[in-house]
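Numbering (the working numbering), first residue to last: 16 to 148. Everything below concerns the one structure shown next.
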Ligand SMILES: [Zn+2]
């Protein structure tokens, strides 16, 4: 993560960072040329995200935050996945796989389907209008 001073086209230097302890994170960056200062403030969720991505701010990794918030968001276990369905899911690009899996899992749960299969995924896809997933 870098900040650029648009006017000077200079990379801003890291100024200071504060971790108030409530999960928020504040950091300032200063343009070495014109002295302009920008501040970045993240809320606890964003701080968590930045931490879990291992992004370094000011040359040091943000200390990991407790994962309680994430845990409470974990949905109850959904349907099991047949080997075929797992293989198919494995072909879904990484960054959307969780979302796609959740869509199919929610679909299956609503219909009390206990196992996701490629056939079931086809049905869900057609019904939900998710062509291409
Ligand atoms: Zn500047």
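C-beta atoms are modelled at their ideal positions from N, C-alpha and C, and glycine is treated no differently.
Local Cβ density within 10 Å of residue i, reported as buried at 16 or more and exposed below that
i: residue 54; result: exposed
i: residue 131; result: buried
i: residue 141; result: exposed
i: residue 20; result: buried
i: residue 49; result: exposed
i: residue 110; result: exposed
i: residue 120; result: buried
i: residue 36; result: exposed
i: residue 40; result: buried
i: residue 27; result: buried
Residue(s) in a DSSP beta bridge with residue i
i: residue 53; result: 44
i: residue 130; result: 95
Segment limits, beta strand (DSSP E) that includes residue i
i: residue 30; result: 28 to 33
Boundaries (first-last residue) of the alpha helix (DSSP H) holding residue i
i: residue 24; result: Run containing residue 24: none; DSSP gives neither H nor E here.
i: residue 118; result: 109 to 125
i: residue 135; result: 133 to 143
Closer than 7 Å to chain D by CB, residue i
i: residue 46; result: Given the protein chain composition of this structure (a single chain), no chain D is represented.
Around ligand 1, which residues pass a check of Cβ closer than 6 Å to any of its heavy atoms?
20, 22, 23, 25, 46, 48, 49 and 51
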